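Chemist:
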Amino acid sequence: MSISPRAQSFDVAAAQYAASRPSYPPALFDTIEEFAGRRLAGARVADVGAGTGIATVLLRERGADAVAVEPGERMAAVFRRALPDVPIVRGDGNALPLADASFDLMVYAQSWQWTDPGRSVPEALRVLRPSGALAIWWNTTAFDVPWIREQHERIAHHCGVKPRSAVRPDDGEAVTLAGLTGLRVTRRQVRWSRMVPLDTHLANIGSRSAFLVLDEAGRHAFLTDERERLSRAFPDEAVEETYVVDLLVAARP
Ligand SMILES: C[S@@+](CC[C@H](N)C(=O)[O-])C[C@H]1O[C@@H](n2cnc3c(N)ncnc32)[C@H](O)[C@@H]1O
3 MSISPRAQSF
13 DVAAAQYAAS
23 RPSYPPALFD
33 TIEEFAGRRL
43 AGARVADVGA
53 GTGIATVLLR
63 ERGADAVAVE
73 PGERMAAVFR
83 RALPDVPIVR
93 GDGNALPLAD
103 ASFDLMVYAQ
113 SWQWTDPGRS
123 VPEALRVLRP
133 SGALAIWWNT
143 TAFDVPWIRE
153 QHERIAHHCG
163 VKPRSAVRPD
173 DGEAVTLAGL
183 TGLRVTRRQV
193 RWSRMVPLDT
203 HLANIGSRSA
213 FLVLDEAGRH
223 AFLTDERERL
233 SRAFPDEAVE
243 ETYVVDLLVA
253 ARP
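This is how it looks when you write it as structure tokens:
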């Protein structure tokens, strides 16, 4: 496996990741079933870049026969403790340790960006059955919620990257960016939110790769400042995080 340092960064914070990262809403899985043209119940599904199993557990609840692929040793260890009955293999999306034509659905929950589509698309197509589909998605920023947009800008500034604008790419650009050109792709945004204690919200921010590659002092300074700011905005320390899941489902043309 050849995984970039930033892609590996999750491994150092695997327990924090499992405890603080947002899950995914039921409407996402309804949409995957609609776009893929089949129920998850009974489907053979590979969850690639499964991490600590946040998506895997939901796929299993839907009745999918899910297996996980994950390159990170510590992420896989947390996964095994949480889901001891679910098969997990160490590997990555660019060279899947899975047999040809053996899966109905390949999913990449917030992990597709760590693969090289020049390799991961042919790999997914090799592993999928002829009528199969691949689904990729991300919990993205709800830019229309002012405090979330402002926090996004503070994070970008602190990490030395350009903040993104409120506008997500149009469908054609999203397909090109994901390297899915030439496939039959459908896309939908699914909005949802969760209420979490302020501590969980801050741990969630701290578990992002952009923070995990900063030094301890840089992380601490940002999170201390953010705690003060958000304690004023949310005096009861209950934070509503709003997300827009950006989902793309691709199949052979
Ligand atoms: C943001 S986490 C997502 C974890 C999980 N799917 C979820 O929904 O919470 C990204 C995961 O992708 C994994 N990863 C990194 N490089 C990868 C690659 N080339 N192929 C597959 N997974 C990769 C990381 O180890 C990490 O577990």
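Just add 2 to the spot in the sequence shown (first one is 1) and you have the working numbering.
Ideal placement from N, C-alpha and C gives every residue a C-beta, glycine not left out.
These numbers were taken from a predicted model, which means no experiment stands behind them.
Can you tell me the Cα-Cα spacing of residue 136 and residue 92, whole angstroms?
Modeler: For the purposes of this step, residue 136 is taken as residue 134 along the sequence shown, with counting starting at 1. For the purposes of this step, residue 92 is taken as residue 90 along the sequence shown, with counting starting at 1. If I take the Cα positions, the gap works out to 20 angstroms.
Chemist: Does DSSP put residue 143 in a helix, a strand or coil?
Modeler: Counting from 1 along the sequence shown, the entry for residue 143 is found at position 141. Of the three classes helix, strand and coil, the one that applies to residue 143 here is strand, per DSSP.
Chemist: Report the start-end ranges of each alpha helix (DSSP H) in the segment 177 to 251 that is 4 residues or longer and not cut off at the edges.
Modeler: DSSP runs (the alpha helix (DSSP H)) wholly in the segment 177 to 251: 200 to 208, 211 to 214, 218 to 235.
Chemist: Could you give the first and the last residue of the continuous alpha helix (DSSP H) run that contains residue 32?
Modeler: Counting from 1 along the sequence shown, the entry for residue 32 is found at position 30. Start and end: 28 to 38.
Chemist: Would you kindly check if the distance between the Cβ of residue 70 and the Cβ of residue 2 is under 8 angstroms?
Modeler: This structure gives no information on residue 2, because the portion of the chain shown stretches from 3 to 255.
Chemist: Buried or exposed for residue 49, going by 16 or more other Cβ atoms inside 10 Å?
Modeler: Against the sequence shown, residue 49 aligns to sequence position 47. Residue 49 is buried by the Cβ-count criterion.
Chemist: Report the three-state DSSP secondary structure of residue 16 (helix, strand or coil).
Modeler: As a working mapping, residue 16 is identified with position 14 in the sequence shown. Helix at residue 16.
Chemist: Quick check on the burial criterion: 16 or more other C-beta atoms within 10 angstroms. Buried or exposed for residue 191?
Modeler: Translated into positions along the sequence shown, residue 191 becomes position 189. When all chains shown are included, residue 191 counts as exposed.
Chemist: In whole angstroms, give me the CA-to-CA distance for residue 24 and residue 254.
Modeler: In the sequence shown, residue 24 corresponds to position 22, counting from 1. In the sequence shown, residue 254 corresponds to position 252, counting from 1. About 31 angstroms.
Chemist: Assign residue 56 to one of three DSSP states: helix, strand, or coil.
Modeler: Here residue 56 corresponds to residue number 54 of the sequence shown, with the count starting at 1. Looking at residue 56 - three-state DSSP - the assignment turns out to be helix.
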